[in-house]
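Enquirer: Handing you a structure now.
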DNA sequence: TCTATTTATTAGACAAGCCTAACAAACTTT
DNA sequence: AAAGTTTGTTAGGCTTGTCTAATAAATAGA
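Protein chains in written order, with the numbering used here: chain A, 66 to 229; chain B, 66 to 229.
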């Protein structure tokens, strides 16, 4: 168990899957990891060796797999990026959820903290807008996307009406 | 020269750099590619072999490097994703341009066509808003991001004023 | 409890991409 | 045009992450 280093996308994926299994089935086993990751079991064994060498998992031969504190933390942060990206793609951009999931799975490994933070706030901003469902401007984007035509900004229309 | 296949992120990067060099300096040479990609020249030679085997570049020993039609097309599409991402990150989210560039370089290889299209339209939507600089709602996001506080939606404020 | 099945590990191969060292071709410069 | 410099290639090695085949441990069933 050495000092924690930066992990590759691949290794981050393993951590994510392990965390998911622990959450869903309370334990993570090589077989299940291999199924979720769509790799053969020897690849999992190899990955676990790397991960435990770097201090992210605890794994004794033929035993269950567990996350260290560092592993837990990293898995959570990847998961957070994943969830945020899905939410952004689905609720703001209205991307099909299947495609959104695929995009999120890749982007979660590359997005910068700054962009993560901005997007998080952006979603929050959209969600807390005092409108019924989506904010008006976002509805107006939906319309623009579908038709290519701009509705005149409501603000303007109203301002003009007020002036008259 | 075989049939065109899907390329790795790495190979897409090589194509991008080759296209850039052709544009800027009218020819692409191994040395320049190696400098821009921050790899040693033998890595470039190897990459060029792969790329030409897959029909994306034309390259004869000790000669200049050129893109095939497929190579050109792919390079352009990667470039388009890159530029769009930068624009989105910088103009919509106001991410620092250096970080935006880093994010874009990674995401350009993974983003789906659907998300690309949506974001493209989103930027267009923002840019064509009949406001001075950024649309009001986006300014209101800027404020929300900075202060954590929501300005009441202008639409609402005005509607209320109209009612009074 | 002892055998059969499932699960995990080891050993060894392979592909992608990178590297260094050594060599070869091509320019440059006088 | 010969010498030196720059540029490109080849050969061979390393790492990451995958695979298959063989083996070993653990579990389940009769």
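Built from N, CA and C at the ideal position, the CB exists for glycine as well.
This structure is a prediction, so every number in the text was calculated from the model and none was measured.
Using the C-alpha atoms, what's the distance from residue 139/A back to residue 73/A?
Expert: Here the question's residue 73/A lines up with position 8 in the first chain. Here the question's residue 139/A lines up with position 74 in the first chain. Residue 73/A and residue 139/A: Cα-Cα distance of roughly 12 Å.
Enquirer: Give me the Cα-Cα distance between residue 81/A and residue 146/A, rounded to the nearest whole angstrom.
Expert: As a working mapping, residue 81/A is identified with position 16 in the first chain. As a working mapping, residue 146/A is identified with position 81 in the first chain. The alpha-carbon atoms of residue 81/A and residue 146/A are separated by roughly 11 Å.
Enquirer: By a C-beta neighbour count over all protein chains shown, 10 Å radius and 16 as the cutoff for buried, is residue 173/B buried or exposed?
Expert: Taking the second chain and counting its residues from 1, the one referred to as residue 173/B is at position 108. Under this definition residue 173/B is a buried residue.
Enquirer: Ignoring anything shorter than 4 residues, give me the alpha helix (DSSP H) runs that lie fully in the region 117 to 152 of chain A, in order along the chain.
Expert: Runs of the alpha helix (DSSP H) inside the region 117 to 152 of chain A: 134 to 152.
Enquirer: Does residue 209/A get closer than 8 Å to chain B when you measure Cβ to Cβ?
Expert: Against the first chain, residue 209/A aligns to sequence position 144. So, interface residue.
Enquirer: Could you tell me the alpha carbon to alpha carbon distance between residue 76/A and residue 134/A, rounded to whole angstroms?
Expert: On the first chain, position 11 is the one that residue 76/A refers to. On the first chain, position 69 is the one that residue 134/A refers to. Looking at the two C-alpha atoms, the distance is approximately 16 Å.
Enquirer: Under a Cβ-count criterion, where at least 16 other Cβ atoms within 10 Å of its own Cβ denotes burial, should residue 70/B be classed as buried or exposed?
Expert: In the second chain, the residue the question calls residue 70/B occupies position 5. Classification of residue 70/B: exposed, given that the 10 Å Cβ count is below 16.
Enquirer: When the distance is taken between beta carbons, is residue 109/A closer than 8 Å to residue 123/A?
Expert: As a working mapping, residue 123/A is identified with position 58 in the first chain. As a working mapping, residue 109/A is identified with position 44 in the first chain. No.
Enquirer: Let me make sure I understand the geometry here. Which of 214/A, 200/A, 176/A has the alpha-carbon closest to that of residue 169/B?
Expert: As a first step, residue 169/B must be located in the second chain, where it is residue number 104. It is 176/A.
Enquirer: To the nearest angstrom, report how far apart residue 223/A and residue 193/B are at their CA atoms.
Expert: Position 158 of the first chain holds residue 223/A. Position 128 of the second chain holds residue 193/B. Low local confidence applies: a pLDDT of 46 at residue 223/A is under 50, so the model's placement there is unreliable, with the coordinate-based value given in what follows. For residue 223/A and residue 193/B, the distance between alpha carbons rounds to 19 Å.
Enquirer: Could you tell me if residue 127/B is buried or exposed, where buried requires 16 or more neighbouring beta carbons within 10 angstroms of its beta carbon?
Expert: Taking the first residue of the second chain as position 1, residue 127/B is located at position 62. Looking at its Cβ environment, which holds fewer than 16 other Cβ atoms inside 10 Å, residue 127/B is exposed.
Enquirer: Residue 172/B versus chain A: which residues are under 7 Å apart at the beta carbon?
Expert: Here residue 172/B corresponds to residue number 107 of the second chain, with the count starting at 1. Correct list: 172, 175.
Enquirer: Between residue 180/A and chain B, is the shortest Cβ-Cβ distance under 8 Å, so that the two count as touching?
Expert: Position 115 of the first chain, counted from the start, is the residue given in the question as residue 180/A. Yes, residue 180/A lies at the interface with chain B (some Cβ there is under 8 Å from its Cβ).
Enquirer: Please check the pair residue 129/A and residue 94/A, which I expect to be a contact at CB under 8 Å, by giving their CB distance rounded to whole angstroms.
Expert: Numbered from 1 along the first chain, position 64 holds the residue referred to as residue 129/A. Numbered from 1 along the first chain, position 29 holds the residue referred to as residue 94/A. Yes, they are in contact, since the Cβ atoms of residue 129/A and residue 94/A sit about 6 Å apart, within 8 Å.
Enquirer: Could you tell me whether the Cβ of residue 186/B comes closer than 8 Å to any Cβ of chain A?
Expert: Here residue 186/B refers to the residue found at position 121 when the second chain is read from its first residue. Output row for residue 186/B: interface = yes.
Enquirer: Just the C-alpha distance for residue 125/A and residue 179/B, rounded to the nearest angstrom, thanks.
Expert: In the first chain, residue 125/A corresponds to position 60, counting from 1. In the second chain, residue 179/B corresponds to position 114, counting from 1. About 44 Å.
Enquirer: The region 147 to 169 of chain A: which residues have C-beta closer than 9 Å to a C-beta of chain B, in chain order?
Expert: Answer in chain order: 154, 157, 158, 159, 160, 161, 164, 165, 167, 168.
Enquirer: Taking C-alpha atoms, which residue in 131/B, 205/B, 148/B, 211/B lies nearest to residue 90/B?
Expert: Position 25 of the second chain, counted from the start, is the residue given in the question as residue 90/B. Residue 90/B has its Cα closest to that of 131/B, out of 131/B, 205/B, 148/B, 211/B.
Enquirer: Beta-carbon of residue 183/A versus every beta-carbon of chain B: anything under 8 Å?
Expert: Your numbering for residue 183/A matches position 118 in the first chain. For residue 183/A, the answer is yes, since a Cβ of chain B falls inside 8 Å of its Cβ.
Enquirer: Compare the C-beta of residue 215/A with all C-beta atoms of chain B and state if any pair is closer than 8 Å.
Expert: In the first chain, counting from the first residue as 1, residue 215/A sits at position 150. Residue 215/A counts as touching chain B.
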